[in-house]
């Protein structure tokens, strides 16, 4: 990961991969946390989700601590099959390495009914991260215009385009992109659910599928759309579907027939 992990600055994880596997396979409600082309399960989507959820919770002051600072926990935003909240539970790091400034040691992912959570946090159980201060941003408004910056999308994102299009000249690439955007503008105006919300850089944006490959039933890219004002959306970048799913999953599991891991 290119970013500095705040999770690993907060705590040491004696067996992080095993804990992630337990969370994904045994504790949390079932969903896909690996990409469809993965050869082995490493749960990169789940790891990314937990890192950025923790960052958001820190911003909202929703990481809970006991009065003596010996224990901490946060709400992962995930639930069990019985819809019980799941928490990450930590205790004071008692044997730090020389020079270490990491304050806690990760103990386990636990259900809300676990004794460790009830005993230490019954009066201070932390809430989930809040991504929905403006719920209206989660839904595409078909009355608004959508104005893309075609040149910027191409120039800054050419490496994300399908391989067979990267060698095309700018004119051909522009025609393909304009056609795909015009098509999705018409589709999303008749079905707003096509637009999938994502969380990026502290903002809610919308993702729209772009089909650039003739005859393919699947989109090649996700167009990133954000609100300029009350009646205008703009788009200046696009994402691979893996990048788009990662960003979308930070809010909720995408309920879409086009955005899959």
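Residue numbers (my numbering): 1 to 261. No residue lacks a Cβ here, since even glycine has one placed at the ideal position from N, Cα and C. In this text the structure is predicted, and so the values were computed from the model without any measurement.
Practice prompt. Answer yes or no: do residue 189 and residue 219 have a C-beta to C-beta separation smaller than 9 angstroms?
Written response: A distance of 9 angstroms or more separates the beta carbons of residue 189 and residue 219.
Worksheet item: Considering only the beta carbon of each residue, do residue 138 and residue 225 sit closer than 9 angstroms?
Response: Against a cut-off of 9 angstroms, the Cβ pair of residue 225 and residue 138 comes out as no contact.
Practice prompt. Could you tell me which of 182, 81, 33 and 214 sits nearest to residue 208, measuring between CA atoms?
Written response: Looking at the Cα atoms, 182 is the closest of the given residues.
Worksheet entry | Buried or exposed (CB count within 10 angstroms, at least 16 for buried), residue 77 | Here residue 77 is buried: its Cβ has 16 or more other Cβ atoms, across all protein chains shown, within 10 Å.
Fill in: Straight-line Cα distance separating residue 52 from residue 4
Approximately 11 angstroms between the Cα atoms of the pair.
Worksheet item: Per DSSP, what kind of secondary structure is residue 262 in: helix, strand or coil?
Response: The displayed coordinates of the chain run from 1 to 261. Any statement about residue 262 would go beyond what the structure contains.
Worksheet item: Ends of the alpha helix (DSSP H) at residue 44?
Response: Start and end: 44-59.
Worksheet item: Thinking just about the alpha-carbon of each residue, which of 177, 246 and 152 is nearest to the one in residue 162?
Response: Ranked by how close their Cα comes to the Cα of residue 162, the residues 177, 246 and 152 have 177 in first place.
Worksheet item: In chain order, what residues of the same chain lie with their CB nearer than 6 angstroms to the CB of residue 89, ignoring the 5 residues before and after it?
Response: Closer than 6 angstroms at Cβ, skipping near neighbours: 73, 107, 108, 110 and 116.
Discussion item. I want to know whether the segment 195-211 touches the segment 162-171 - three or more CB-CB distances under 8 angstroms.
Written reply: Cβ pair count under 8 angstroms is below three, so no.
Discussion item. Please report the straight-line C-alpha distance between residue 173 and residue 61, rounded to a whole angstrom.
Written reply: Residue 173 and residue 61: Cα-Cα distance of roughly 46 angstroms.
Discussion item. Judging by CA-CA distance, which residue of 134, 231 and 12 is the nearest neighbour of residue 197?
Written reply: Checking every option, the nearest Cα to that of residue 197 belongs to 134.
Worksheet entry | Close Cβ partners of residue 56 (< 6 angstroms) along its chain, the five nearest in sequence each way excluded | Answer for residue 56: 129, listed in chain order.
Worksheet item: Straight-line CA distance for residue 253 to residue 40?
Response: Distance from the CA of residue 253 to the CA of residue 40, rounded to the nearest whole angstrom, comes to 21 angstroms.
Practice prompt. Mark residue 155 as exposed unless 16 or more other C-beta atoms lie within 10 angstroms of its C-beta, in which case mark it buried.
Written response: That one is exposed.
Practice prompt. Return the chain-ordered list of same chain residues with a C-beta closer than 6 angstroms to the C-beta of residue 148, the five sequence neighbours on each side being excluded.
Written response: Correct list, in chain order: 181 and 235.
Worksheet item: When DSSP builds the beta bridges, which residues end up paired with residue 89?
Response: Note: residue 89 is bridge-paired with 73 and 108 in the DSSP secondary-structure output.
Worksheet item: The beta strand (DSSP E) with residue 264 in it runs from where to where?
Response: The question about residue 264 has no answer, for the chain in this structure spans 1 to 261.
Practice prompt. Consult DSSP for residue 131 and reduce its assignment to one of helix, strand or coil.
Written response: In this structure, residue 131 counts as coil in the three-state DSSP scheme.
Worksheet item: Is the beta carbon of residue 184 sitting closer than 9 angstroms to the one on residue 241?
Response: Residue 241 sits away from residue 184, with the two beta carbons spaced by 9 angstroms or more.
Practice prompt. Determine the direct distance from the alpha carbon of residue 28 to that of residue 10, and round the result to whole angstroms.
Written response: Near 23 angstroms, if we compare the C-alpha coordinates of residue 28 and residue 10.
Item to complete: Give every residue of the same chain whose Cβ lies closer than 8 angstroms to the Cβ of residue 6, excluding the five residues on either side of it in the sequence, and list them in chain order.
Response: Excluding positions up to five away in sequence, the list reads 51, 54, 55 and 58.
Worksheet item: In terms of residue numbering, what span does the alpha helix (DSSP H) encompassing residue 119 cover?
Response: Start and end: 115-121.
Worksheet item: Per DSSP, which one or two residues make a beta bridge with residue 204?
Response: In the DSSP assignment, residue 204 is bridged to 199.
Practice prompt. Assign residue 23 to buried or exposed, taking buried as 16 or more other Cβ atoms, counted over all protein chains shown, within 10 Å of its Cβ.
Written response: With 16 or more other CB atoms across the displayed protein chains lying within 10 angstroms of its CB, residue 23 is buried.
Worksheet item: Whose C-beta lies closer than 6 angstroms to the C-beta of residue 258 among residues of the same chain, with five residues either side of it excluded?
Response: Within the same chain, residue 258 has close Cβ partners 209 and 219.
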